[in-house]
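Going by our numbering, the first residue of the sequence shown is number 11, and it counts up by one from there.
Idealized CB from N, CA, C, for every residue including glycine.
Worksheet: one structure, shown below.
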Amino acid sequence: MNRRWVSVLRLCLALASTLWLGCAAAQSSPTLRKISEAGMIAIGYRESSLPFSYLDQAQRPIGYSMAICEHIVDAVQARLGIADLERRYVAVNSSTRIPMVANGTVDLECGVTTNTAERARQVAFTVTTYVAASRLVSKKATPVRSLADLRGKVVTSSVGTTNLRHLEDLRTSRGWDLSIVAAQDDPEAFRLVETDRAAAYAMDDVLLYGSIARSRRPGDYLVSDDALSVEPYGFMLAKGDPEFKRLADDAILALFKSGEIERIYRRWFESPIPPHGINLALPMSPMMRRVIAHPSDSPDPAVYSAGAAR
């Protein structure tokens, strides 16, 4: 057998090995099997959750979460050996995101979802990719600097969020006269404050800074010192598929270990970002550095706040 045929044989064996490994991986994971059979992965994104997951001027989903998810999708593509894996982007919101992951419409949700014990009964979460704190935005003319300032006022948050639940818990536990309005989405909630129909809007602090930066008069608003809670973000995927979760987690951990996560963070939190060149100028928090040093997929806020400077 001449050298040319030996080379051809080796190439065929290598291709066969790659195909077999891809098939084996797909067989052990329902999600990978579904992706392999369809030649497509369905990625859930948010339309206006700057800087995590939102649409640019060309209506393409971009952001911090999307950048990390691209590395996960690359890992899926490599595992399955599909050179032309199709990426199908599916818009989700606070109300639809969990059902769409649970029913298989979305394979990987790349948004701004807090990992909670309640949600973990319906879906799985990757290791935490960001840690936020739930705070309040209000107008400087009528400031809500602390939780106590909420008494007797109207406050809003988006339907289907942990922030709304925290407000309800606060009203119940402290017996305050507090009117809570559930907005359909984040932009509507901010508009309620902007138009003086609500005194404050409760949401994760980084999202509040994004809303302020995009508003007509950013200087009119302030974010409270007091926090309602610590919010660990993770990407949602189907429950009961440990192989797919392991693949996603490994892709994220590789970013942590290589330091690439630092570059991704600077790109979306400390640099001008599309579409209007906004720079949030938010240095990485001690809680986020703790996540990188000690990765976790725990929904317990204490895991992330312990030892973190405020």
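Taken atom to atom, the span from the alpha-carbon of Ser234 to that of Pro293 is near 18 Å. The C-alpha of Asp206 is placed about 42 Å away from the C-alpha of Glu270. Ala223 is positioned such that its CB atom lies no closer than 8 Å to that of Tyr211.
DSSP, reduced to helix, strand and coil, places Leu95 outside both helices and strands of the structure shown, so it counts as coil.
With a cut-off of 8 Å on Cβ pairs, the segment 109-125 is not in contact with the segment 286-302, counting fewer than three such pairs. Of the residues assessed, Lys255 falls on the buried side of the cut-off, its CB having 16 or more other CB atoms within 10 angstroms. Per DSSP, the unbroken beta strand (DSSP E) holding Met246 starts and ends at Ser239 to Leu247. Counting every other CB atom within 10 Å of its CB across the protein chains shown gives Ala68 a total below 16, marking it as exposed. Bridge partners of Ile51 according to DSSP: Arg97.
In the DSSP annotation of this structure, Met294 is not part of any alpha helix (DSSP H), being labelled neither H nor E.
Around the Cβ of Ser268, a 10 Å sphere holds fewer than 16 other Cβ atoms; the residue is exposed. Close CB contacts of Ser38 within its chain, under the 8 Å cut and outside five residues either way in sequence, are with Glu253 (chain order). It is roughly 43 Å from the alpha-carbon of Arg98 to the alpha-carbon of Pro153.
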